[in-house]
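What follows is one structure encoded as structure tokens, with my remarks underneath.
Residue numbers (our numbering): -16 to 81.
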């Protein structure tokens, strides 16, 4: 294991039973590609004028619309129309243009 992996901050093990149940019940994959960026506050929940919410990295990278958000410990489990994302609760919520 490299030293980079030793410093890697992972979601707490206590949340995995909850995430697994949601994933099985909703038949959606669990995605971690926004996790590290959320720790560094490089991700946000964007709210469009029509109140639709998206998980956003930048203008080109964002998720399908958010259907439900769960909060467990310092983690948001964000269910979109297609997938389940794990992000830190440290991210901001901001208005975005359509």
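Just so it is clear, CB atoms sit at the ideal spot from N, CA and C, and this is done for glycine as well.
The segment 41 to 49 and the segment -11 to -1 do not touch, with fewer than three beta-carbon pairs separated by less than 8 Å. Per DSSP, residue 79 is not a residue of any beta strand (DSSP E), being assigned neither H nor E. Secondary structure at residue 66: coil, using DSSP grouped into helix, strand and coil. Using a Cβ distance threshold of 8 Å, residue 19 and residue 29 do not count as a contacting pair. Judged by beta-carbon spacing, residue 52 lies beyond the 8 Å limit of residue 6, meaning their Cβ atoms are not closer than that value. In the structure shown, the three-state DSSP call for residue 4 is helix.
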